[in-house]
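A quick write-up on the structure given underneath.
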């Protein structure tokens, strides 16, 4: 903005004009019909294996940050880091490409033909 000579507001002016959290909540979450407290509790806490924030976000077509903000707004607790790691072990691990398979021909074939 400075490069194009557009004036920048002070932080205090910007904060006066910012939305209240309640207004932002209404605007941000109302478009996701499946994003309800009951569904998040079911997916995040009661499923086995439990869903991650990314899984929930993929299911409702949003970002993980939106799900996290929703959980914070509704005081839904998050799992501890250790517990989340245990849940992750229940999922099948992704197979990564071995380095000896990384050749120009293979990459061209995978990238362009698949």
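In UniProt numbering, the protein residues as written are 1 to 114.
Quick reminder that beta carbons are idealized off the backbone N, C-alpha and C, glycines included.
In this text, all values refer to a predicted model and were calculated from it rather than measured experimentally.
- Secondary structure note for residue 76: it is in no alpha helix (DSSP H), with a DSSP letter that is neither H nor E.
- The beta carbons of residue 60 and residue 41 sit about 14 Å from each other, so the pair does not count as a contact at 8 Å.
- Per DSSP, the continuous alpha helix (DSSP H) segment holding residue 108 begins and ends at 104-113.
- For residue 58, the enclosing alpha helix (DSSP H) covers residues 53-60.
- In the DSSP assignment, residue 39 falls within the unbroken alpha helix (DSSP H) covering 37-41.
- Going by C-alpha positions, residue 32 is about 20 Å away from residue 77.
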